[in-house]
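Accompanying notes for the structure given below.
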Ligand SMILES: CC(C)[C@H](C(=O)O)[C@@H](O)C(=O)O
Ligand code: SF4
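Below you can see the structure in the form of structure tokens.
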């Protein structure tokens, strides 16, 4: 019997049963500092600093501050400072605040040509699955595992179960990878992929750009998956080539064999995807923009509606918003900014809305500026910020006030995620841009036709 892509990568990295060799270890300012403490206490060096790369993203202010010592918030200042000190001590390359390549860890890995097919990639962060877009087996690990990888370049892992989500048909006009991801989670639920590594397949996947594939793989975690990945193709190799990486031939051809078997197979009709808006406090509480806020079926849904301040039966297009956040490792890449800017051009942010764009990396920011996207955004009334996680999780000063309602391109709409009492609606960059202009959700397909 043939093997799945994941089984092939697994077999090529298994040092002994349950122990995987790690090709690339990414660190950020939350997991890194704690792991360094552990290493220091044990008196161990970092085994392969050359296969390790760090960046500051979670705690970084986006208001132009370029040195960790200048961060107002004490905890954030300490965490970024510890990352800087630890990287210097252990010889780990770091893109910290003020560095030209600083950015969200899952944005900079691919952008630097480091993320490649067939690799094992780990990071102390659940959305490491993003890198699976390149045909890598990429997954999040816990802090103690980060320390273990730093010390040994290996990670203890239970063999994951395999799952394939195969899409039938093409994505309809005016819908995006984000809509595909949200629609999928709406179908299978937030534990629909629990314990599995998901391989995405089908014509709708082949037609996605690399950025779209990253968005989809990123959100695998929100369906409970361990990781998500897509077999490499010519587009993958071309993207890596344009970003300065070189891919080994055999790895570039990696794919699931025709007769391989998955533990689970799910089929989803991509033709049914519409622009999606979440109405609740988990990504599975989602509907099409033309739908209404549903009657709650469970206690959790009742609670979610209460928290979100929404009445069942309200049309989603009638829901007014206060804030817009375009950014995050889900949708903070150059093409996301381009798509939002296309809709913004020549229009203005609604008077009662505060909208911000936080590029996923400083490189994305510079590239966007070179194309004049920053001018489009600022002329429309958006704030144009520095790079980082920012309002995706609100660890810096970019947060919602209690009760504020936000159209956000990030991946989690949990209670308090963007600030205590804040209400998050997950959408695509296009939907966020259109909502910024009108002050409520709109069917972006109409705008794209006009
Ligand atoms: C802080 C970090 C560990 C966390 C994650 O693992 O995803 C964060 O990035 C998030 O998105 O909530
Ligand atoms: S952008 Fe958001 S989801 Fe991504 S790593 Fe940062 S906090 Fe996590």
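In the working numbering, the protein residues as written are 90 to 539.
Note that CB positions come from ideal geometry on N, CA and C, so glycine has one too.
Put residue i into one of helix, strand or coil per three-state DSSP.
i	result
residue 478	coil
residue 462	helix
residue 366	strand
residue 170	helix
residue 450	strand
residue 445	strand
residue 184	strand
residue 116	strand
residue 340	helix
residue 489	coil
residue 428	helix
residue 414	strand
residue 317	strand
residue 504	coil
residue 404	strand
Would you check if the distance between the CB atom of residue i and the CB atom of residue j is smaller than 7 angstroms?
i	j	result
residue 433	residue 465	yes
residue 320	residue 128	no
residue 140	residue 115	no
residue 118	residue 148	yes
residue 463	residue 469	no
residue 448	residue 476	yes
residue 222	residue 210	no
residue 405	residue 530	yes
residue 422	residue 445	no
residue 307	residue 151	no
residue 512	residue 397	yes
residue 413	residue 521	yes
residue 186	residue 144	no
residue 235	residue 124	yes
residue 481	residue 417	yes
residue 377	residue 363	yes
residue 282	residue 313	yes
residue 374	residue 393	yes
residue 442	residue 323	no
residue 514	residue 367	yes
residue 135	residue 239	yes
residue 309	residue 317	yes
Provide the residue span of the beta strand (DSSP E) that contains residue i, from first to last.
i	result
residue 377	375-377
residue 358	353-358
residue 209	209-212
residue 253	250-257
residue 311	Careful: residue 311 lies outside any beta strand (DSSP E) and carries neither H nor E.
residue 155	Neither: residue 155 is in no beta strand (DSSP E) and is coded neither H nor E.
residue 109	108-110
residue 296	Where residue 296 is concerned, there is no enclosing beta strand (DSSP E), given that its DSSP letter is neither H nor E.
residue 286	285-290
residue 515	512-515
residue 271	First-last for residue 271: 266-277, but that is the alpha helix (DSSP H), not the beta strand (DSSP E).
residue 384	Per DSSP, residue 384 belongs to no beta strand (DSSP E) and is neither H nor E.
residue 141	141-144
Start and end of the alpha helix (DSSP H) containing residue i?
i	result
residue 417	417-420
residue 304	299-307
residue 238	232-241
residue 494	From DSSP, residue 494 is part of no alpha helix (DSSP H) but of the beta strand (DSSP E) over 494-497.
residue 131	120-131
residue 229	First-last for residue 229: 226-229, but that is the beta strand (DSSP E), not the alpha helix (DSSP H).
residue 195	194-200
residue 519	518-527
Can you tell me whether residue i is buried or exposed, with buried defined as 16 or more other CB within 10 angstroms of its CB?
i	result
residue 266	buried
residue 262	exposed
residue 351	buried
residue 280	exposed
residue 164	exposed
residue 172	buried
residue 122	buried
residue 108	exposed
residue 162	exposed
residue 213	buried
residue 503	exposed
residue 90	exposed
residue 245	exposed
residue 439	buried
residue 275	buried
residue 206	buried
Would a check of beta-carbon distances place residue i closer than 7 angstroms to chain D?
i	result
residue 315	Within the model displayed, chain D is absent; a lone protein chain is all it includes.
Using 8 angstroms as the threshold, is the region 451-460 in touch with the region 288-296, meaning 3 or more CB pairs across them?
no
For the region 190-203 against the region 99-109, do three or more pairs of beta-carbon atoms, one drawn from each stretch, fall closer than 8 angstroms, so that the two count as touching?
no
Sufficient close CB pairs (3 or more, under 8 angstroms) joining the region 231-240 to the region 323-342
no
Evaluate contact between the region 495-504 and the region 253-262, counting only Cβ atoms and requiring at least three cross-stretch pairs below 8 angstroms.
no
Assess contact between the region 167-180 and the region 376-387, defined as three or more Cβ pairs (one per stretch) separated by less than 8 angstroms. Is contact present?
no
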